[in-house]
Amino acid sequence: MSLISIISKDFDIPDDLSENQLRDAMVDAFAYLIDNDFPKLIQILYKADVDQYKLKELLETVEGSSSAEVIADAYIARQMAKIETWKKYSQKKD
């Protein structure tokens with residue numbers, strides 16, 4: 001399972017984005033949600049299992065980044081952690 005295939009369950013994104021393009025698309029998407037659909041933002045973060053306490057701390061302490069950037073980075077990091085966990089447990093044991 002790829003990062004884009006997981007993220008595309010929540011967002012309508014092309015499947016040929018580079019890592020930087022994906023981050024930019026996520027920043028734009030979260031900026032939109034912050035301004036226009038906060039309940040959907042909360043739902044997406046909850047469904048992705050982004051730690052709300054960790055995210056709150058990041059939003060209060062990270063400087064030089066917008067809220068949308070902090071949220072996008074946390075969301076992407078959580079999805080990547082899921083992929084690593086799936087890989088770890090889906091490998092055949094010899």
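Just so we're aligned: the sequence shown equals residues 1 to 94 in full-length UniProt numbering.
All residues carry an ideal CB built from backbone N, CA and C; glycine is no exception.
Quick check: does the Cβ of residue i come within less than 7 Å of any heavy atom belonging to the ligand MN?
{"i": "M1", "result": "Questions concerning the ligand MN fall outside what the structure shown contains, since it holds no ligand whatsoever."}
Taking all protein chains shown into account, do 16 or more other C-beta atoms lie within 10 angstroms of the C-beta of residue i, making it buried, or fewer, making it exposed?
{"i": "L41", "result": "buried"}
{"i": "M1", "result": "exposed"}
{"i": "residue 132", "result": "Not covered by the structure: residue 132. The range shown for the chain is 1 to 94."}
{"i": "A68", "result": "buried"}
{"i": "L59", "result": "exposed"}
{"i": "A77", "result": "exposed"}
{"i": "Q91", "result": "exposed"}
{"i": "M80", "result": "exposed"}
Compute the Euclidean distance between the alpha carbons of residue i and residue j, then round it to the nearest angstrom.
{"i": "D12", "j": "D24", "result": "14 Å"}
{"i": "Q52", "j": "Q21", "result": "25 Å"}
{"i": "W86", "j": "D15", "result": "20 Å"}
{"i": "I34", "j": "Y46", "result": "15 Å"}
With the cut-off set at 8 Å, would you say residue i and residue j are in Cβ contact?
{"i": "I83", "j": "L17", "result": "no"}
{"i": "V70", "j": "V62", "result": "yes"}
{"i": "Y75", "j": "A48", "result": "yes"}
Would you mind listing the alpha helix (DSSP H) stretches within the stretch 42 to 90 that are 4+ residues and don't spill past its ends, in chain order?
Look at the stretch 42 to 90 and you find these whole runs of alpha helix (DSSP H), each 4 residues long or longer: 52 to 61 and 67 to 90.
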